[in-house]
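Peer 1: FYI, the numbering for the sequence shown is 2 to 309, going by the working numbering.
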Amino acid sequence: MQFIDFHCDTITTAFESGLSMDENNLHIDFKRLANYNAPVQYFAVWLRDERLDKPFLNTVKYIDFFKDELKKTKHAVKFGEGYTDIIYNRINKTSTGLLAVEGGEAIENDLDNIHRLREMGVTMMTLTWNRKNNLGFGAVTGSDEGLTDFGRDALKELNKAGILADVSHLNDKGFYDVCRLTEKPIIASHSNSRAVCNVPRNLTDDQIKEIASLGGIIGFNLCGDFIKEDGKPKGKDVIRQIEHILEVGGESILGLGCDYDGIQNPPEKLDNVGCSVYFFHYLADYFGEDVVQKIFYANADSFLQKNL
Numbered sequence: 002m003q004f005i006d007f008h009c010d011t012i013t014t015a016f017e018s019g020l021s022m023d024e025n026n027l028h029i030d031f032k033r034l035a036n037y038n039a040p041v042q043y044f045a046v047w048l049r050d051e052r053l054d055k056p057f058l059n060t061v062k063y064i065d066f067f068k069d070e071l072k073k074t075k076h077a078v079k080f081g082e083g084y085t086d087i088i089y090n091r092i093n094k095t096s097t098g099l100l101a102v103e104g105g106e107a108i109e110n111d112l113d114n115i116h117r118l119r120e121m122g123v124t125m126m127t128l129t130w131n132r133k134n135n136l137g138f139g140a141v142t143g144s145d146e147g148l149t150d151f152g153r154d155a156l157k158e159l160n161k162a163g164i165l166a167d168v169s170h171l172n173d174k175g176f177y178d179v180c181r182l183t184e185k186p187i188i189a190s191h192s193n194s195r196a197v198c199n200v201p202r203n204l205t206d207d208q209i210k211e212i213a214s215l216g217g218i219i220g221f222n223l224c225g226d227f228i229k230e231d232g233k234p235k236g237k238d239v240i241r242q243i244e245h246i247l248e249v250g251g252e253s254i255l256g257l258g259c260d261y262d263g264i265q266n267p268p269e270k271l272d273n274v275g276c277s278v279y280f281f282h283y284l285a286d287y288f289g290e291d292v293v294q295k296i297f298y299a300n301a302d303s304f305l306q307k308n309l
C-alpha cells in the first residue's frame with residue numbers, strides 16, 4: 002500500500018525525548034514506514050517555547066538531527082528534496098522523508114533564511130503555529146489581524162524559493178491574505194472541517210473551496226479534538242469529516258496529514274503509522290477503494306508533482 006502524509010511531529014518528539022527515529026515507541030519510526038510500498042512522509046520541525054530564543058539555529062539543529070538519523074537507519078528510507086527524489090526512491094522501493102518547518106518564526110527577521118532552509122531541503126513551511134509570530138497570527142490567538150508586512154514579504158519569498166505555503170494553524174484573516182497574495186497553490190497540511198467540528202484550527206467551508214480553487218490540497222488530521230468537539234471520535238466521526246470535506250471541495254482536495262507524534266488522542270485503532278492499512282480498508286468499505294486511493298496517495302502525488 003502506498004501513502005503520502007503531509008505532517009508529523011516526530012523529529013521534535015524524538016529529539017526532545019532522546020529517541021532514535023529508526024525504531025521507537027512513538028507514532029512513527031523508519032522501521033514501520035519501510036513496511037509500506039515506498040511511502041512519502043513529511044517530517045515537520047516544530048519549536049517549543051523554550052527553543053524560540055534562537056529559532057533559526059534551533060531549526061537547523063533539528064534538521065541536522067533528522068539527516069543524521071536518516072544516515073544511520075537500517076531501513077529503506079531516504080531524504081527527499083523534490084519530486085524527482087520521490088520518483089527515484091519509489092523505483093527503488095524506498096520511503097521518502099521530506100522536510101517541513103512548522104512556524105515561520107524559524108526564519109527570524111531574515112528573508113534570506115527562507116532560501117537557506119530551501120538549500121537544506123525544506124519544501125514546506127507553516128506560516129504560523131498557534132502563537133503569534135512576526136509573519137502573522139495563529140488560529141487560536143483570537144486575532145482578527147492578517148499577515149504582517151514581513152509575512153507578506155515572506156510569502157513572496159516562499160513562492161520564489163519553491164517552498165509550499167502551509168496555512169494550517171493560521172487565523173482566518175491571515176488565511177485569506179495568503180489566498181489573495183500567493184502566486185502558487187497552497188496547502189493546509191493538517192486541518193479538518195470546522196462545519197463538522199467547530200474549532201479555530203479547522204477550515205470553514207469557504208476556506209476549503211478557496212484552497213480547491215487555487216489548486217491546493219488539505220491533509221486530514223487524526224487529532225481527536227479536530228474530528229469531534231468532545232475529543233473522543235469514533236470511526237463514524239472520521240467518516241463524517243471526510244465525507245463533508247469531499248462534498249465541499251471535491252474528490253481531489255483531500256490527502257493525509259495525520260499529525261502523528263503531535264497529537265494525544267487519535268481515534269481508536271488509528272494511533273500510529275502501523276494502522277494505515279486498517280485505516281485504508283475502513284474508509285474503503287464506505288467510500289470505495291478508488292476514492293480512498295485518491296485520499297491516501299493519488300491526490301497528494303498529483304499536487305507534489307505539479308508544485309514540488
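We treat Cβ as the ideally placed atom computed from N, Cα and C, and that holds for glycine.
Compute the Euclidean distance between the alpha carbons of Y84 and L305, then round it to the nearest angstrom.
Peer 2: For the purposes of this step, residue 84 is identified with residue 83 of the sequence shown, where counting begins at 1. For the purposes of this step, residue 305 is identified with residue 304 of the sequence shown, where counting begins at 1. Taking the straight line from one Cα to the other gives about 6 Å.
Peer 1: For L182 and K32, what's the separation of their Cα atoms in angstroms?
Peer 2: Counting from one through the sequence shown, the residue named residue 182 turns up at place 181. Counting from one through the sequence shown, the residue named residue 32 turns up at place 31. Each residue's alpha carbon lies about 41 Å from the other.
Peer 1: Among M22, F57, A107, whose alpha-carbon lies nearest the alpha-carbon of Q42?
Peer 2: Here residue 42 refers to the residue found at position 41 when the sequence shown is read from its first residue. Taking only the C-alpha atoms, the option nearest Q42 is M22.
Peer 1: Sort out for me which residues DSSP pairs D6 with in a bridge.
Peer 2: Along the sequence shown, read from residue 1 onward, the residue named residue 6 stands at position 5. Q42, L257.
Peer 1: Between the segment 205-219 and the segment 261-272, do at least 3 Cβ pairs fall closer than 8 Å?
Peer 2: No, the segment 205-219 does not touch the segment 261-272.
Peer 1: With C-beta atoms as the reference, is H191 less than 8 Å away from W130?
Peer 2: Looking up residue 191 in the sequence shown gives position 190. Looking up residue 130 in the sequence shown gives position 129. In this structure, W130 does not lie closer than 8 Å to H191 by Cβ.
Peer 1: Would you kindly report the start and end of the unbroken beta strand (DSSP E) that includes E103?
Peer 2: Locating residue 103 in the sequence shown gives position 102, counting from the first residue. E103 -> beta strand (DSSP E) spans 96-103.
Peer 1: If you draw a straight line from the alpha carbon of N90 to that of G122, how long is it in whole angstroms?
Peer 2: Taking the first residue of the sequence shown as 1, we reach residue 90 at position 89. Taking the first residue of the sequence shown as 1, we reach residue 122 at position 121. Cα-Cα distance, rounded: 16 Å.
Peer 1: How far does the beta strand (DSSP E) with D167 in it reach, from first residue to last?
Peer 2: The sequence position of residue 167 within the sequence shown is 166, counting from 1. Where D167 is concerned, the enclosing beta strand (DSSP E) stretches over 165-167.
Peer 1: Can you list, in chain order, the residues of its chain with a C-beta nearer than 8 Å to that of G139? Leave out the 5 residues immediately preceding and following it.
Peer 2: Counted from its first residue, the sequence shown places residue 139 at position 138. If we look at G139 and ignore the five residues flanking it on each side, its Cβ neighbours are T129, W130, N131, R132, K133, H170, L171, N172.
Peer 1: Give the DSSP bridge partners of A189, in chain order.
Peer 2: On the sequence shown, residue 189 is found 188 positions in, with the first residue counted as 1. Looking at the DSSP assignment, A189 forms a beta bridge with I219.
Peer 1: Which of helix, strand or coil does DSSP assign to V239?
Peer 2: Residue numbering aside, residue 239 sits at position 238 when the sequence shown is read from its first letter. The answer is helix: DSSP assigns V239 an H, G or I state.
Peer 1: So is I64 buried or exposed if we call it buried at 16+ other beta carbons inside 10 Å?
Peer 2: Against the sequence shown, residue 64 aligns to sequence position 63. When all chains shown are included, I64 counts as buried.
Peer 1: Of the choices E24, V292, F4, D291, whose alpha-carbon is the least far from that of T11?
Peer 2: For the purposes of this step, residue 11 is taken as the residue at position 10 of the sequence shown. For the residues E24, V292, F4, D291, the minimum Cα distance to T11 belongs to E24.
Peer 1: Which stretch, first to last residue, makes up the beta strand (DSSP E) that contains K79?
Peer 2: Numbered from its first residue, the sequence shown carries residue 79 at position 78. That run of the beta strand (DSSP E) goes 78-80.
Peer 1: Which two residues bound the contiguous beta strand (DSSP E) that contains V123?
Peer 2: Counting from 1 along the sequence shown, the entry for residue 123 is found at position 122. Its beta strand (DSSP E) spans residues 123-127.
Peer 1: What distance in whole Å lies between the Cβ atoms of F44 and F67, which are believed to be in contact at a cut-off of 8 Å?
Peer 2: The count along the sequence shown starts at 1 and reaches residue 67 at position 66. The count along the sequence shown starts at 1 and reaches residue 44 at position 43. Yes, they are in contact, since the Cβ atoms of F67 and F44 sit about 6 Å apart, within 8 Å.
Peer 1: When you compare the CB positions of I240 and Y287, do they come within less than 8 Å of one another, or not?
Peer 2: Translated into the one-based positions of the sequence shown, residue 240 becomes position 239. Translated into the one-based positions of the sequence shown, residue 287 becomes position 286. Going by C-beta atoms, I240 is nearer than 8 Å to Y287.
Peer 1: For a test of the three-state rule: what should DSSP assign to L204, helix, strand or coil?
Peer 2: Taking the first residue of the sequence shown as position 1, residue 204 is located at position 203. Strand.
Peer 1: Given a cut-off of 8 Å, decide if A301 and V293 are closer than it, judged by their beta-carbon atoms.
Peer 2: Here residue 293 corresponds to residue number 292 of the sequence shown, with the count starting at 1. Here residue 301 corresponds to residue number 300 of the sequence shown, with the count starting at 1. No.
Peer 1: Which residue wins for smallest C-alpha separation from H151, given the options D113, R117, K185?
Peer 2: Here the question's residue 151 lines up with position 150 in the sequence shown. Checking the displayed sequence, the identity of residue 151 turns out to be Phe instead of His. Closest by alpha carbon: D113.
Peer 1: DSSP beta-bridge partners for L171?
Peer 2: As a first step, residue 171 is located in the sequence shown; it is residue number 170 there, counting from the start. BP columns for L171 point to G139.
Peer 1: Would you check if the distance between the CB atom of S277 and the CB atom of F16 is smaller than 8 Å?
Peer 2: In the sequence shown, the residue the question calls residue 277 occupies position 276. In the sequence shown, the residue the question calls residue 16 occupies position 15. No, the Cβ-Cβ distance between S277 and F16 is not below 8 Å.
Peer 1: What residues match up with W47 in a beta bridge as DSSP calls it?
Peer 2: Reading the sequence shown from its first residue, position 46 is the one you call residue 47. According to DSSP, which records beta bridges pairwise, W47 is partnered with E103.
Peer 1: Please list, in chain order, all residues of the same chain as L159 whose beta carbon is under 7 Å from its beta carbon, the five residues on each side excluded.
Peer 2: For the purposes of this step, residue 159 is taken as residue 158 along the sequence shown, with counting starting at 1. The answer, listed in chain order, is I115, M126, A166.
Peer 1: Which of the three DSSP states is assigned to S144 in this structure?
Peer 2: Along the sequence shown, read from residue 1 onward, the residue named residue 144 stands at position 143. Coil.
Peer 1: Taking buried to mean at least 16 other C-beta atoms within 10 Å of its own C-beta, is D226 buried or exposed?
Peer 2: If you number the sequence shown from 1, residue 226 lands on position 225. Per the 10 Å Cβ criterion, buried.
Peer 1: Using the C-alpha atoms, what's the distance from N93 back to W47?
Peer 2: Position 46 of the sequence shown, counting from 1, holds the residue named residue 47. Position 92 of the sequence shown, counting from 1, holds the residue named residue 93. In a straight line, the C-alpha of W47 is about 30 Å away from that of N93.
Peer 1: Compare the beta carbon distance of V249 and D291 with 8 Å and say whether it is the shorter of the two.
Peer 2: What you label residue 249 is simply residue 248 of the sequence shown in a count that begins at 1. What you label residue 291 is simply residue 290 of the sequence shown in a count that begins at 1. Contact: no.
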